[in-house]
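Have a look at the structure below, then the notes.
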Amino acid sequence: MKSEPLGEDISQVEVTNISRHGLWLLVREEELFLPLDEFPWFMRASLADILNVELHGAEHLHWPALDIDLTLDSIRRPEDYPLISKADTKQSEAADMP
Numbered sequence: 016m017k018s019e020p021l022g023e024d025i026s027q028v029e030v031t032n033i034s035r036h037g038l039w040l041l042v043r044e045e046e047l048f049l050p051l052d053e054f055p056w057f058m059r060a061s062l063a064d065i066l067n068v069e070l071h072g073a074e075h076l077h078w079p080a081l082d083i084d085l086t087l088d089s090i091r092r093p094e095d096y097p098l099i100s101k102a103d104t105k106q107s108e109a110a111d112m113p
């Protein structure tokens, strides 16, 4: 009796490590590091929510429970994607008012 061929690998993204400095992802064959100072949304997230990550298409990561969407390019080159908080912008605008 011959076994059926294995199906497609559905686990194309995996969180491989988490530390107080950030988290490491293995996306297909590439390892990526997300430092928490550049990706602060993960700082107070639960372990279960961080581990629940999905790869949509070739370049889109989604954490459903955290409502976080990132492209692989934004992880590879975060300097090209500056974070601007709407709360910080409103506070700055209020401080500038007479």
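So the sequence shown is residues 16 to 113, counted in the numbering used here.
Even glycine gets a Cβ: it sits at the ideal position worked out from N, Cα and C.
These numbers come from a predicted model, not from an experiment.
What would DSSP say about residue i, mapped onto helix, strand or coil?
| i | result |
| --- | --- |
| D64 | helix |
| E29 | strand |
| D95 | helix |
| F54 | coil |
Rounded to whole angstroms, how far is the Cβ of residue i from the Cβ of residue j, which I believe are closer than 8 Å?
| i | j | result |
| --- | --- | --- |
| W78 | V68 | 5 Å |
| R91 | L47 | 7 Å |
So who's on the other strand from residue i, going by DSSP bridges?
| i | result |
| --- | --- |
| E46 | L41 |
Original post:
Which ranges does the beta strand (DSSP E) cover as unbroken runs of at least 3 residues, wholly within the stretch 64 to 92, from first to last along the chain?
Top reply: 69 to 71, 75 to 78 and 83 to 86
Subject >> Segment contact, 8 Å Cβ cut-off, at least three pairs: the stretch 84 to 92 with the stretch 57 to 65 >> reply: no
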